[in-house]
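S.K.:
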Amino acid sequence: MKKRSLIPILYIAFLMLPIYWLVAMSFKTTNEILSGFSLFPQTFTLENYITIFTDPTWYWGYINSIFYVTINTVLSVCVALPAAYAFSRYRFLGDKQLFFWLLTNRMAPAAVFALPFFQLYSSIGLFDTHLAVALAHTLFNVPLAVWILEGFMRGIPKELDETAYVDGYSFPRFFVTIFLPNIKAGVGVAAFFCFMFSWVEMLLAKTLTAVEAKPIAAVMTRTASSAGYELGLLAAAGTLTIIPGAIVIWFVRNYIARGFAMGRV
Amino acid sequence: MRTENQKAWFFVLPVLALVAFNALVPMMTVVNYSVQETFGNNQFFWEGLGWFEQILRSDRFQAALGRQFLFTFLILLIEVPLGIIVALSMPRKGFWVPVCLVLMALPMLIPWNVVGSMWNIFTLPKIGLLGYFLNDVLGINYDMTQQPLSAWITVIVMDVWHWTSLVVLLCYAGLVSIPDAYYQAAKIDGASPWSVFRYIQLPKMKTVLTIAVLLRFMDSFNIYTEPFVLTGGGPGNSTTLLSIDLVKIALGQFDLGPAAAMSLIYFAITLLVSWVFYTLMTKDDAQ
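Line by line, the protein sequences give chains A and B.
Counted from 1, the first sequence has number 25 at position 25 by this note's numbering; the numbering is strictly sequential.
For this note's numbering, add 1000 to where a residue sits in the second sequence, where the first one is 1.
1. Inspect the CB distances between the segment 28-37 of chain A and the segment 229-242 of chain A and report whether three or more fall short of 8 Å.
2. Would you identify the three-state DSSP class for A/T177, choosing helix, strand or coil?
3. If you check the beta carbons only, do B/V1015 and A/A83 fall under 8 Å apart?
4. Pop quiz: B/V1031 and B/A1087 are said to be a contact at Cβ under 8 Å. What is the actual Cβ separation, rounded to whole angstroms?
5. Three-state secondary structure (DSSP) at B/E1037?
6. In angstroms with no decimal places, state the Cα-to-Cα distance between A/A190 and B/G1131.
7. Starting from the beta carbon of B/L1251, find every residue of chain A whose beta carbon is closer than 8 Å, and list them in chain order.
8. Roughly how many angstroms lie between the CA atoms of A/N141 and A/R106, to the nearest whole one?
9. Go to B/F1122, then tell me how far its alpha helix (DSSP H) extends in each direction, as first and last residue.
10. Please classify A/Y165 as buried or exposed, where buried requires at least 16 neighbouring CB atoms within 10 angstroms.
11. Which stretch, first to last residue, makes up the alpha helix (DSSP H) that contains A/F113?
12. Flag this pair as yes or no: are the beta carbons of B/F1217 and B/L1076 separated by less than 8 Å?
13. Could you tell me whether any Cβ in chain B is nearer than 8 Å to the Cβ of A/L327?
14. Buried or exposed for B/R1067, please, with buried defined as at least 16 other CB atoms from any protein chain shown within 10 angstroms of its CB.
15. Starting from B/Y1132, find everything on chain A with Cβ-Cβ shorter than 7 Å and list it in chain order.
16. Does DSSP put B/L1198 in a helix, a strand or coil?
17. Do B/Y1224 and A/A111 have their beta-carbon atoms positioned less than 8 Å apart in this structure?
18. Would you call the segment 1160-1175 of chain B in contact with the segment 1205-1215 of chain B, where contact means no fewer than 3 C-beta pairs closer than 8 Å?
19. Just to confirm, are B/I1153 and A/G245 a CB contact at a threshold of 8 Å?
20. Are any of the Cβ atoms in chain A nearer than 8 Å to that of B/F1044?
21. Between the beta-carbon of A/F195 and the beta-carbon of A/V69, is there less than 8 Å?
22. Run the CB neighbour count on B/M1281, radius 10 Å, all protein chains shown included, and call it buried at 16 or more, exposed below.
23. Between the C-alpha atoms of B/M1108 and A/S198, what's the straight-line distance to the nearest angstrom?
24. A/Y255 by DSSP, collapsed to three states: which one?
25. Rounded to the nearest angstrom, what separates A/F92 and B/L1013 at their Cα positions?
26. Can you name the start and end residues of the beta strand (DSSP E) that A/F67 belongs to?
27. How long is the line joining the alpha carbons of B/A1259 and A/A217, rounded to whole angstroms?
28. Check for me: the alpha helix (DSSP H) holding A/F140 runs from which residue to which?
29. So B/W1152 contacts chain A; which residues on that side make the cut at Cβ distance below 9 Å?
30. Tell me whether B/A1023, by its Cβ, gets closer than 7 Å to a heavy atom of the ligand HEM.
31. Which residues in the same chain as A/P116 place their Cβ atom closer than 7 Å to its Cβ, once the five residues preceding and following it in sequence are excluded?
32. Would you list the residues sitting across from B/T1003 in a DSSP beta bridge?
33. If we ignore side chains and look at the alpha-carbon of each, how far apart do B/V1213 and B/L1170 end up?
34. Quick one: is B/P1235 near chain A, going by C-beta distance under 8 Å?
35. Would you mind telling me which residues of chain A sit closer than 8 Å to B/R1002, beta carbon to beta carbon, in chain order?
36. Buried or exposed: where does B/W1161 fall if 16 or more other Cβ atoms within 10 Å of its Cβ makes it buried?
Okay, structure coming up:
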């Protein structure tokens, strides 16, 4: 038994090493980083974090990111719910083709869409808004949400729907008061995935914004180049981007394994 | 079973409208550019399939495509078996399970450019923990900014670090769904650990493994941000994968025609391979 638990421990240690280095770096001064190697911060400093929390260009980067991620998550889950219900309960003309077509959008390389998205959102006057990024991210988040929710809904027996209709429930009332509570876990997992992929995606978010809705990633690259690569500041900014994900993941920890399997086990 | 109902289309309409707006309009823009030549001033000339021919014949595209396939192949070769091994050795119940799951999922929730920066800081010679350890403690000559081989290894290890947990979590979800009775029966029959794996665990993991391979294929084939931030495609062109090359042509040189043709070829390859995985997967679902 002892030998078996060695593998996960080693694996987790491997995962934590670069994260430790990022966090350690964020508490060092630029001088210390460039002057040589040190395993722990020698002159412990909070200066990098203070810079971020006092400079509006920095902290607005975080607010912008959280803003469009939230819009995207709400939007994706809301439109995916009825569609997933249709796919899990009914057969209709072209359902299989439609489902695969939705998934193809998850397969498309973001690089393919960068330029046309820029032109599309510029032409309808949404360039550099949170809504533009949120809408662009629905391209891959909506298919994923439909896929996950469909998996969870399929596990709910059809008798539940039929009993509700016999009892005189209208469809909207049944859906909100009976069906939704039954797939709570699925909705949570779908929302988690939308949050995750919108939070980590950077190419489209950067292409579609300039000043007003600039995500934290764009702030990071600009500061990195203009201020002569301030590694400590970059590390502090990176460390702060880990926190929202860590918080969200703690909420879904009991569903995460099943969620990754798209409810298909 | 599912019932036949054409009104179900109304449920799908919101998704359809949203995704059509996001997918069809840009896709038509790309198709439009791919068959035309422009000299600026919004003047376009019909070019036919010329760009496609030029891209398919260019050494640059073939080299990037080769690197892309090699990268994705190595990623699948390392991450899938490693993921299975870690999932098999994880505890099934108890206090440590959620802790393990959360720690393992953490890398996947870090923005991709931060992943690139993090590995850059981690592997720089003199400054980074790994760079320092390899060069100054073990005496291995390692510098991912100068040596193509070092850069390749770093990009691969970074992706293993970033995404192996996806395979672990998927396999783990498959494993916990196996009832204890199966293991007890195997014990009574005196089955070896290998036959437990081969005849009980592997069949149960089949569906989730297909999902894992499908997702890992799609995402590693489309990878852009992490290697771009880490190496910028260098040294030279050694780690210039397809997406990096595409963005260079489209947004760097603004060669719209070739970039659009390349986009379509790129998308077609992704689609074709993904379709094969998808049909394999839904075939299992139907059974």
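We treat Cβ as the ideally placed atom computed from N, Cα and C, and that holds for glycine.
M.R.: Quick answer:
1. yes
2. Indexing the first sequence from 1 puts residue 177 of chain A at position 177. In this structure, A/T177 counts as helix in the three-state DSSP scheme.
3. What you label residue 1015 of chain B is simply residue 15 of the second sequence in a count that begins at 1. What you label residue 83 of chain A is simply residue 83 of the first sequence in a count that begins at 1. Contact: yes.
4. Along the second sequence, read from residue 1 onward, the residue named residue 1031 of chain B stands at position 31. Along the second sequence, read from residue 1 onward, the residue named residue 1087 of chain B stands at position 87. Actually they are not in contact, since the Cβ atoms of B/V1031 and B/A1087 sit about 42 Å apart, beyond 8 Å.
5. Sequence index remark: in the second sequence, residue 1037 of chain B carries index 37 (1-based). Three-state result, B/E1037: strand.
6. Taking the first sequence and counting its residues from 1, the one referred to as residue 190 of chain A is at position 190. Taking the second sequence and counting its residues from 1, the one referred to as residue 1131 of chain B is at position 131. The alpha-carbon atoms of A/A190 and B/G1131 are separated by roughly 39 Å.
7. For the purposes of this step, residue 1251 of chain B is taken as the residue at position 251 of the second sequence. Chain A residues near B/L1251: A114, L115, T207.
8. For the purposes of this step, residue 141 of chain A is identified with residue 141 of the first sequence, where counting begins at 1. For the purposes of this step, residue 106 of chain A is identified with residue 106 of the first sequence, where counting begins at 1. So the two alpha carbons sit approximately 8 Å from each other.
9. Within the second sequence, residue 1122 of chain B is the residue found at index 122, counting from 1. Counting along the chain, the alpha helix (DSSP H) containing B/F1122 begins and ends at 1112-1123.
10. Residue 165 of chain A sits at position 165 when you count from the first residue of the first sequence. Exposed is the call here.
11. Translated into the one-based positions of the first sequence, residue 113 of chain A becomes position 113. Segment 110-123, the alpha helix (DSSP H) holding A/F113.
12. Stepping through the second sequence from its first residue, residue 1217 of chain B is reached at position 217. Stepping through the second sequence from its first residue, residue 1076 of chain B is reached at position 76. Taking 8 Å as the Cβ cut-off, B/F1217 and B/L1076 qualify as a contacting pair.
13. Not covered by the structure: residue 327 of chain A. The range shown for chain A is 1 to 265.
14. Numbered from its first residue, the second sequence carries residue 1067 of chain B at position 67. With 16 or more other Cβ atoms within 10 Å, it is buried.
15. Counting from one through the second sequence, the residue named residue 1132 of chain B turns up at place 132. Those within 7 Å of B/Y1132 in chain A are F37.
16. Residue mapping note: residue 1198 of chain B aligns to position 198 of the second sequence, counting from 1. Checking the sequence shown, residue 1198 of chain B turns out to be Arg, not Leu. In the structure shown, B/R1198 sits in a helix (DSSP, three-state: H, G or I).
17. Counting from one through the first sequence, the residue named residue 111 of chain A turns up at place 111. Counting from one through the second sequence, the residue named residue 1224 of chain B turns up at place 224. Closer than 8 Å, so yes.
18. yes
19. Position 153 of the second sequence, counted from the start, is the residue given in the question as residue 1153 of chain B. Position 245 of the first sequence, counted from the start, is the residue given in the question as residue 245 of chain A. Cβ distance not < 8 Å, so B/I1153 and A/G245 don't count as in contact.
20. The residue you call residue 1044 of chain B lines up with position 44 of the second sequence. Chain A contact via Cβ: absent.
21. Position 195 of the first sequence, counting from 1, holds the residue named residue 195 of chain A. Position 69 of the first sequence, counting from 1, holds the residue named residue 69 of chain A. Yes. Within cutoff.
22. Here residue 1281 of chain B is taken as the residue at index 281 of the second sequence, counted from 1. Its Cβ being crowded by 16 or more others within 10 Å, B/M1281 is buried.
23. On the second sequence, residue 1108 of chain B is found 108 positions in, with the first residue counted as 1. On the first sequence, residue 198 of chain A is found 198 positions in, with the first residue counted as 1. Cα-Cα distance, rounded: 12 Å.
24. To locate residue 255 of chain A, count along the first sequence from 1; it is residue 255. Three-state result, A/Y255: coil.
25. For the purposes of this step, residue 92 of chain A is taken as the residue at position 92 of the first sequence. For the purposes of this step, residue 1013 of chain B is taken as the residue at position 13 of the second sequence. Whole-angstrom Cα-Cα distance: 13 Å.
26. Stepping through the first sequence from its first residue, residue 67 of chain A is reached at position 67. First-last for A/F67: 56-89, but that is the alpha helix (DSSP H), not the beta strand (DSSP E).
27. Taking the second sequence and counting its residues from 1, the one referred to as residue 1259 of chain B is at position 259. Taking the first sequence and counting its residues from 1, the one referred to as residue 217 of chain A is at position 217. For B/A1259 and A/A217, the distance between alpha carbons rounds to 25 Å.
28. On the first sequence, residue 140 of chain A is found 140 positions in, with the first residue counted as 1. Start and end: 130-154.
29. Here residue 1152 of chain B corresponds to residue number 152 of the second sequence, with the count starting at 1. Within 9 Å Cβ-Cβ: nothing; B/W1152 doesn't reach chain A, min ~18 Å.
30. This structure lacks the ligand HEM, and indeed carries no ligand of any kind.
31. Walking along the first sequence from the start, residue 116 of chain A turns up at place 116. Nothing listed; no residue qualifies.
32. As a working mapping, residue 1003 of chain B is identified with position 3 in the second sequence. A/Y90.
33. As a first step, residue 1213 of chain B is located in the second sequence; it is residue number 213 there, counting from the start. As a first step, residue 1170 of chain B is located in the second sequence; it is residue number 170 there, counting from the start. Going by the C-alpha atoms only, they are around 10 Å apart.
34. Sequence index remark: in the second sequence, residue 1235 of chain B carries index 235 (1-based). No, because no Cβ of chain A sits closer than 8 Å to the Cβ of B/P1235.
35. Numbered from 1 along the second sequence, position 2 holds the residue referred to as residue 1002 of chain B. In chain order: S88, R89, Y90, R91.
36. In the second sequence, residue 1161 of chain B corresponds to position 161, counting from 1. The residue in question, B/W1161, is buried, as its Cβ has 16 or more Cβ neighbours within 10 Å.
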